[in-house]
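Undergrad: Residue numbers (this note's numbering): 2 to 73. In this text, a Cβ means the ideal position worked out from N, Cα and C, and glycines have one as well. Below you'll find the structure I mean.
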């Protein structure tokens with residue numbers, strides 16, 4: 002017979018998946034902004050590089066933070 006799963010463990014797994022997914026999304030958006038130089042409107046190159054870099058760094062930080070604090 003299958004044992005019931007611990008709800009806290011399920012929440013931890015869900016939280017890791019959500020944080021990693023959001024981190025990857027920030028990285029993808031950052032790369033897109035740098036590549037297309039567009040975010041809601043046309044951006045000058047220096048603004049697109051700065052905004053893209055900030056989003057990429059934040060995405061990496063989110064993934065690092067959840068990886069470091071995971072209790073799986």
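1) Given this structure, state the Cα-to-Cα distance separating residue 64 from residue 16, to the nearest angstrom.
2) For the alpha helix (DSSP H) containing residue 66, list its first residue and its last residue.
3) Can at least three beta-carbon pairs, one atom from the region 26–35 and one from the region 51–64, be found at a separation below 8 Å?
4) Count the other CB atoms, across all protein chains shown, that sit within 10 Å of the CB of residue 18; report buried if there are 16 or more and exposed otherwise.
5) Return the Cβ separation of residue 24 and residue 53 in integer angstroms, given the expectation that the two are a contact with Cβ distance under 8 Å.
TA: Quick answer:
1) 11 Å
2) 46–70
3) yes
4) exposed
5) Their Cβ separation, rounded to whole angstroms, is 15 Å, which puts residue 24 and residue 53 out of contact at 8 Å.
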